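Trainee: Dropping the structure in here first, questions after.
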Amino acid sequence: MANHYVKCPHCGATLSVPDEYINDNRLHCSQCNQNFDNNKKPAKERVVSASDKQVESMGFTGWTKQQKRGLWCLVFLVCVILYHCGAFESDGVPQIGDRVTVVSDTWGTLDEESSERLGDAMVADDAVGRYELTRQGKSKYIWKGSKGKVIHGSWTQVQIRFDDGSLWWVATDAVKKE
């Protein structure tokens, strides 16, 4: 025997209503001694047939072999179409050997360790840290329009040999393929 809880609209008290009184149209609050309408009548339960239970329980494992085969054929066909449309080609990340142009003024670093130190200094807005890396020759300000060839690359940065002969690591979002 479960109790249901209803809030009194007059005083705001939470009342415990036994099962036998939950269907009554009017309820009585023992706190403020007021009567009020019962708006919390329980909803009627939906009758579920055996076939509905089978359909609800049937997931991907309930599919027939023919349905699974058709689904895989459809997925394969979509992948082939996307491949021929060039959807899997990456234009954004330069590959080794590509000629690139710097599209925004940025900082270049001599090695990946210096790149981390420069990133920390830039996040902290540490002008002294940037100056020290520049003075030591481990970082350089690279101007927009500089051109070079990608020597090594990753998703976040590429190593570029610029036309002046220098070799610097630069963020991939600061360069564009020619």
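Numbered per our numbering, the sequence shown spans residues 5 to 182.
Every residue, glycine too, gets a C-beta built ideally from N, C-alpha and C.
Remember, it's a predicted structure, so these values are computed and weren't measured experimentally.
Would the beta-carbon of residue 43 fall within 7 Å of that of residue 32?
Mentor: As a working note, residue 43 is residue 39 in the sequence shown. As a working note, residue 32 is residue 28 in the sequence shown. Not a contact, by the Cβ cut-off of 7 Å.
Trainee: Can you name, in chain order, every residue of its own chain whose Cβ lies under 6 Å from the Cβ of residue 8, other than the five neighbours on each side?
Mentor: Here the question's residue 8 lines up with position 4 in the sequence shown. Contacts found: 21, 26.
Trainee: How about residue 112 and residue 144: do their beta carbons lie closer than 7 Å?
Mentor: Here residue 112 is taken as the residue at index 108 of the sequence shown, counted from 1. Here residue 144 is taken as the residue at index 140 of the sequence shown, counted from 1. Yes, the pair counts as a contact, with Cβ atoms nearer than the cut-off.
Trainee: Starting from residue 163, trace the beta strand (DSSP E) both ways and give me its first and last residue.
Mentor: Along the sequence shown, one-based indexing puts residue 163 at 159. Element bounds for residue 163: 161-166.
Trainee: If I measure Cβ to Cβ from residue 101 and keep anything under 8 Å in the same chain, skipping five residues before and after, which residues do I get?
Mentor: For the purposes of this step, residue 101 is taken as the residue at position 97 of the sequence shown. For residue 101, where only same-chain residues beyond five positions count, the Cβ hits under 8 Å are 153, 154.
Trainee: Measure the CB-CB distance between residue 174 and residue 110 and report whether it falls below 7 Å.
Mentor: If you number the sequence shown from 1, residue 174 lands on position 170. If you number the sequence shown from 1, residue 110 lands on position 106. Yes, the Cβ-Cβ distance between residue 174 and residue 110 is below 7 Å.
Trainee: Could you please give the first and the last residue of the uninterrupted alpha helix (DSSP H) stretch that includes residue 131?
Mentor: Along the sequence shown, read from residue 1 onward, the residue named residue 131 stands at position 127. Residues 131-139.
Trainee: Apart from the five residues just before and just after residue 35, which ones in its own chain have a Cβ nearer than 7 Å to its Cβ?
Mentor: For the purposes of this step, residue 35 is taken as the residue at position 31 of the sequence shown. Cβ within range, chain order: 12, 15, 17.
Trainee: Hey, would you say residue 107 sits closer than 7 Å to residue 181, going by beta carbons?
Mentor: Translated into positions along the sequence shown, residue 107 becomes position 103. Translated into positions along the sequence shown, residue 181 becomes position 177. Not closer than 7 Å, so no.
Trainee: Would residue 89 count as contacting chain B if we go by Cβ distances under 7 Å?
Mentor: Protein chain content of the structure displayed is limited to a single chain, and chain B is not contained in it.
Trainee: Give the DSSP-derived three-state secondary structure of residue 104 in the structure shown.
Mentor: Mapped onto the sequence shown, residue 104 falls at position 100. Of the three classes helix, strand and coil, the one that applies to residue 104 here is strand, per DSSP.
Trainee: Here's a check: name, in chain order, each residue in its chain whose Cβ is nearer than 7 Å to the Cβ of residue 165, leaving out the five neighbours to either side.
Mentor: In the sequence shown, counting from the first residue as 1, residue 165 sits at position 161. Result list for residue 165: 152, 153, 155, 171, in chain order.
Trainee: Just the C-alpha distance for residue 169 and residue 92, rounded to the nearest angstrom, thanks.
Mentor: In the sequence shown, residue 169 corresponds to position 165, counting from 1. In the sequence shown, residue 92 corresponds to position 88, counting from 1. C-alpha separation (whole angstroms): 33 Å.
Trainee: Any idea what DSSP makes of residue 153, helix, strand or coil?
Mentor: For the purposes of this step, residue 153 is taken as residue 149 along the sequence shown, with counting starting at 1. Reduced to three states, the DSSP call for residue 153 is strand.
Trainee: Out of curiosity, what's the CA-to-CA distance linking residue 3 and residue 149?
Mentor: Given a span of 5 to 182 for the chain in the structure shown, any question on residue 3 remains unanswerable.
Trainee: Can you grab the Cα-Cα spacing for the pair residue 125 / residue 75, in whole Å?
Mentor: Translated into positions along the sequence shown, residue 125 becomes position 121. Translated into positions along the sequence shown, residue 75 becomes position 71. Their backbone Cα atoms lie some 52 Å apart in a straight line.
Trainee: Can you give me the C-alpha to C-alpha distance between residue 73 and residue 79, rounded to a whole angstrom?
Mentor: Counting from 1 along the sequence shown, the entry for residue 73 is found at position 69. Counting from 1 along the sequence shown, the entry for residue 79 is found at position 75. Taking the straight line joining both Cα atoms gives about 10 Å.
Trainee: Tell me the DSSP secondary structure of residue 113 in three-state form.
Mentor: The residue given as residue 113 occupies position 109 in the sequence shown. Strand at residue 113.
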